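Q: In order, the protein sequences belong to chains A and B. Reading the first sequence from the start, the letters are residues 40 to 191 in the working numbering. Reading the second sequence from the start, the letters are residues 40 to 191 in the working numbering. The structure under discussion is supplied below as structure tokens; questions concerning it will follow.
Number of protein chains: 2
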Amino acid sequence: MHPDLVPLAFLLGTWEGRGEGGYPTIEPFSYLEVVTFSHVGKPFLAYQQRTRHPQTEVPMHAETGYWRPVGERGLEVLLAHPTGVVEVYEGTVERTRIEIRTTSVTCTRTAKDVRALTRSIEVEGDTLRYDLAMAAVGQPLTHHLHAELHRR
Amino acid sequence: MHPDLVPLAFLLGTWEGRGEGGYPTIEPFSYLEVVTFSHVGKPFLAYQQRTRHPQTEVPMHAETGYWRPVGERGLEVLLAHPTGVVEVYEGTVERTRIEIRTTSVTCTRTAKDVRALTRSIEVEGDTLRYDLAMAAVGQPLTHHLHAELHRR
């Protein structure tokens, strides 16, 4: 592993679990999720995420990108979404807790209007919990997703 | 396969081969490349790309994202790079030829300054050739990469 990745090593692996979503414009929903953080010896983590319906197992959301440590406690995250959105985040790593916030969200002309997101991630041993808030489709920054995942 | 994906179905699969790169600010270089286009039944292709050194096999570049057909001939592409860059492209699909151009490039504060890219892709049977031009680090849009890949 590249030495710059040490502060993010607690994320490595494949994580599986269940999440709950809500937003003022939609009905509450649940999902099953698989997240993988991997590395190839360079100073970044490759990230892949997929969710599926808890009963039908039909694919729901997906996202992919890279997590870049910056110094001892800094973090940059680059994400692409099949919904027509790319996001750039900056934030901090404190032991096994991550807080990131978008510095840029860009949507294609056919995408829903997403303006800003925040993500909090905390890992305790082999359990990862995250919360995501989103400002989109005219709503202010509002809690959208919470999930608890377990390292495979 | 989702019916909206039919115009992009010629991309599906795993492609391997060799490329050549150049730019006014660097020495020419060669690379080995693996590209995968896959789908999960939804109206987009998931895309993963990795290159490695032709002699040492050490990982070089990587990129990941999604390709979204828009109508019969339109295309939107969302890409994230571990170099700290996200790109949004729009373009066209004519039979098995794709032309896309960035509508947005966003870099983190620690990334090299990338301003714009164009990509041309042509598939003939199981051969895929692409060219990529880039405006970056103060240079105008300049040819950067050419590769020929073969479907596995």
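Where is the CB? At the ideal position from N, CA and C, for every residue including glycine. Here the structure is a predicted model, which is why all the values come from computation and not from measurement.
(1) Whole angstroms is fine: what's the gap from B:GLY80's alpha carbon to A:VAL73's?
(2) Does the contact criterion of 3 or more C-beta pairs under 8 Å hold for the segment 88-100 of chain B versus the segment 178-188 of chain A?
(3) If we count the other Cβ atoms within 10 Å of its Cβ and call it buried at 16 or more, is A:ARG148 buried or exposed?
(4) Would you call the segment 126-138 of chain B and the segment 149-158 of chain B in contact, with 3 or more CB pairs under 8 Å?
(5) Do B:LEU171 and B:GLY56 have their CB atoms nearer than 7 Å?
(6) Please report the straight-line C-alpha distance between A:ARG112 and B:LEU114, rounded to a whole angstrom.
(7) Run through DSSP, which three-state label would A:VAL45 get?
(8) Any residues in the segment 145-157 of chain A with a beta carbon nearer than 7 Å to a beta carbon of chain B? Which ones, in chain order?
(9) Please name the residues in the segment 103-119 of chain A whose beta-carbon is closer than 7 Å to at least one beta-carbon of chain B, in chain order.
(10) Tell me which residues share the same chain as A:GLU59 and place their Cβ nearer than 6 Å to its Cβ, disregarding the 5 neighbours each side in the sequence.
(11) Relative to the C-alpha of B:ARG134, which candidate in B:ALA48, B:ALA174, B:HIS41 has its C-alpha closest?
(12) Counting beta carbon pairs with one atom in the segment 114-134 of chain B and one in the segment 121-132 of chain A, are three or more of them shorter than 8 Å?
(13) To which residues of the same chain is B:ASP165 closer than 7 Å at the C-beta, ignoring the five residues directly before and after it?
(14) Compute the Euclidean distance between the alpha carbons of B:PRO67 and B:VAL144, then round it to the nearest angstrom.
(15) Under the rule that 16 or more other beta-carbon atoms within 10 Å means buried, what is B:PRO42, buried or exposed?
(16) What does a CB cutoff of less than 6 Å around B:VAL132 pick up in its chain, not counting 5 residues either side in sequence?
(17) What would DSSP say about B:LEU180, mapped onto helix, strand or coil?
(18) Between the Cα of B:THR103 and the Cα atoms of B:VAL162, B:GLN88, B:PRO63, which residue gives the shortest distance?
(19) Using a 10 Å radius around the Cβ and a threshold of 16 neighbouring Cβ atoms, would you call B:PRO63 buried or exposed?
(20) If you count every other CB in all the chains shown that lies within 10 Å of the CB of B:VAL116, and 16 or more means buried, which is it?
(21) According to DSSP, is B:LEU156 part of a helix, a strand, or is it coil?
(22) Under 7 Å, Cβ to Cβ, is there at least one residue of chain B near A:GLY123?
(23) Would B:PHE83 pass as a contact of B:TYR105 if the rule is Cβ separation under 7 Å?
(24) For B:TRP54, tell me which candidate among B:THR90, B:MET40, B:MET173, B:GLY61 has the shortest Cα-Cα distance.
(25) Which of the three DSSP states, helix, strand or coil, is assigned to B:LEU167?
(26) When burial is assigned at 16 or more other CB atoms within 10 Å of the CB, is A:VAL153 buried or exposed?
(27) Grab me the residues of B:HIS78's own chain with a C-beta within less than 8 Å of its C-beta, minus the 5 sequence neighbours each way, in chain order.
A: To lay it out plainly:
(1) For the purposes of this step, residue 80 of chain B is taken as the residue at position 41 of the second sequence. For the purposes of this step, residue 73 of chain A is taken as the residue at position 34 of the first sequence. Distance between the alpha carbons of B:GLY80 and A:VAL73 is about 18 Å.
(2) Three or more Cβ pairs closer than 8 Å define a contact, and the segment 88-100 of chain B falls short of that threshold against the segment 178-188 of chain A.
(3) In the first sequence, counting from the first residue as 1, residue 148 of chain A sits at position 109. Label assigned to A:ARG148: exposed.
(4) These segments touch.
(5) The residue labelled residue 171 of chain B in the question sits at position 132 within the second sequence. The residue labelled residue 56 of chain B in the question sits at position 17 within the second sequence. No, Cβ-Cβ distance for B:LEU171 and B:GLY56 is not below 7 Å.
(6) Position 73 of the first sequence holds residue 112 of chain A. Position 75 of the second sequence holds residue 114 of chain B. Between A:ARG112 and B:LEU114, the C-alpha separation is close to 38 Å.
(7) Taking the first residue of the first sequence as position 1, residue 45 of chain A is located at position 6. It is helical.
(8) Flagged, chain order: THR145, THR147, THR149.
(9) Taking 7 Å as the Cβ-Cβ cut-off against chain B, the residues of the segment 103-119 of chain A that qualify are THR103, GLY104, TYR105, ARG107, VAL109, GLU115, LEU117, LEU118, ALA119.
(10) Within the first sequence, residue 59 of chain A is the residue found at index 20, counting from 1. Only SER69, HIS185 meet the Cβ criterion.
(11) The residue you call residue 134 of chain B lines up with position 95 of the second sequence. Closest by alpha carbon: B:ALA48.
(12) Taking 8 Å as the limit for Cβ pairs, the verdict is that the segment 114-134 of chain B does touch the segment 121-132 of chain A.
(13) As a position in the second sequence, residue 165 of chain B is number 126, starting the count at 1. The beta carbon of B:ASP165 lies closer than 7 Å to those of HIS189, ARG190 in the same chain, with the five residues before and after it left out.
(14) The residue you call residue 67 of chain B lines up with position 28 of the second sequence. The residue you call residue 144 of chain B lines up with position 105 of the second sequence. In this structure, the straight-line span from the alpha carbon of B:PRO67 to that of B:VAL144 is close to 24 Å.
(15) Within the second sequence, numbered from 1, the residue matching residue 42 of chain B stands at position 3. It counts as exposed.
(16) Stepping through the second sequence from its first residue, residue 132 of chain B is reached at position 93. Closer than 6 Å at the Cβ level, and outside the excluded window around B:VAL132, lie PRO46, ARG112, LEU114.
(17) Taking the first residue of the second sequence as 1, we reach residue 180 of chain B at position 141. If DSSP states are grouped into helix, strand and coil, B:LEU180 belongs with coil.
(18) By one-based count along the second sequence, residue 103 of chain B stands at place 64. Cα-wise, what sits closest to B:THR103 is B:GLN88.
(19) Taking the second sequence and counting its residues from 1, one reaches residue 63 of chain B at position 24. Around the C-beta of B:PRO63, fewer than 16 other C-beta atoms lie within 10 Å, and the residue is accordingly described as exposed.
(20) Looking up residue 116 of chain B in the second sequence gives position 77. B:VAL116 comes out buried.
(21) Reading the second sequence from its first residue, position 117 is the one you call residue 156 of chain B. Secondary structure of B:LEU156 (DSSP, three-state): strand.
(22) In the first sequence, residue 123 of chain A corresponds to position 84, counting from 1. Closer than 7 Å: yes.
(23) On the second sequence, position 44 is the one that residue 83 of chain B refers to. On the second sequence, position 66 is the one that residue 105 of chain B refers to. Result yes, Cβ atoms of B:PHE83 and B:TYR105 sit closer than 7 Å.
(24) For the purposes of this step, residue 54 of chain B is taken as the residue at position 15 of the second sequence. Answer by Cα proximity: B:THR90.
(25) As a first step, residue 167 of chain B is located in the second sequence; it is residue number 128 there, counting from the start. In the displayed model, B:LEU167 falls within a strand according to three-state DSSP.
(26) The residue you call residue 153 of chain A lines up with position 114 of the first sequence. Buried, since its Cβ has 16 or more Cβ neighbours within 10 Å.
(27) Indexing the second sequence from 1 puts residue 78 of chain B at position 39. Answer for B:HIS78: MET40, HIS41, LEU44, LEU51, LEU84, ALA85, listed in chain order.
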